[in-house]
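Count along the sequence shown from 1, add 848, and you get the number used in my numbering.
Beneath this line is the structure, given in structure tokens, with notes to follow.
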Amino acid sequence: MSDTSEPAQNPTKPNLRKGIFLLPNLFTTGALFAGFYAIIAAIKGNYDVAAIAVLLAMLLDGLDGRVARLTNTQSAFGAEYDSLSDMVSFGLAPALVVYQWSLAHLATAGAAWGKIGWLAAFIYTASAALRLARFNTQIGIADKRYFQGMPSPAAAAVTVGAVWFCEHYGIEGSDVMTPATLLTVTAGLLMVSRFSYYSFKDLDLKKRVPFVAVLIVLMAFVLVSIETSTVLFIMFFLYMISAPIIALFRWIRKRRKNALAKTET
């Protein structure tokens, strides 16, 4: 289940005889279709289309849980279905897209390098599976304001965002094999890390905000419309590195406090 999915009301005794809720599962099916289509597009060499499909899956995945909560149609079936959809859209699809686009070219440097390419893609896929499994076991326990480890949709977005960014500027995957490998492995490992990523779930959109906030949102829409691939990649890349940077500053501050305490004693 993704980090935006609806919690199951009765996960131990799903009753399928009464049928399933159609509306939220339509969004989940759409996300699954987009992830599957991304794989097909990557196999055909349409990497920019594949990247857009994964980002579309991310959008639909973010809507299904909210729609379920708004319409009071949460269910155990929906939660499990969403989790399987996420594994395809944010686990398999991004790994296969970046592999087809760049990592597969490592084989030209030798058999050993070729293994490194598909192993990097596997590390990402396995990490996504572990991330989703860990999230499922922490529902109702973990602090909703933060994710433990990078959420799989964000990891998928930064991975395929890099593909879309490079395709937009005419950069071939064979030219950036090393950066692509490092990005894929890093995104995978951050998913299973213990870094705390802000979830944005405590944002109250019903509150009044300063007028300047509206202008900032307007400018964000303008920038995205002008250079969509560039702006989205930068946004998700900054989100990816935000948690490690914050953790580093906290560690430095803690060490300074401990050192100061020792000098005072």
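Glycine is no exception: its CB is placed at the ideal position from the N, C-alpha and C atoms.
Quick caveat, the model's predicted, so the values are computed rather than measured.
Going by beta carbons, Asp909 and Ala879 fall inside the 7 Å limit.
Judged by DSSP in its simplified three-state form, Gln948 adopts helix. Taking Gly1036 as the centre and dropping the five residues before and after it, the same chain places the C-beta of Ile971, Tyr972 and Ser975 closer than 6 Å to its C-beta, in chain order. Residue pairing by DSSP places Gln996 opposite Ser1044 in a beta bridge. With a cutoff of 7 Å on beta-carbon distance, Phe875 and Leu911 are scored as near each other. Shown here, Asn984 sits in a helix according to DSSP, grouped into three states.
Taking a 10 Å sphere around the C-beta of Arg1104, we find fewer than 16 other C-beta atoms and assign the residue as exposed. Secondary structure of Ile1093 (DSSP, three-state): helix. A direct Cα-Cα distance of roughly 31 Å separates Ile1082 from Ala927.
As the crow flies, the alpha-carbon of Gly939 is around 19 Å from that of Tyr1045. When secondary structure is reduced to three states using DSSP, Ser1077 falls in the helix class.
Remark: fewer than three beta-carbon pairs, one from each stretch, lie closer than 8 Å, so the segment 950-961 and the segment 978-995 are not flagged as touching. In the three-state DSSP reduction, Phe869 falls in the coil class, being neither helix nor strand.
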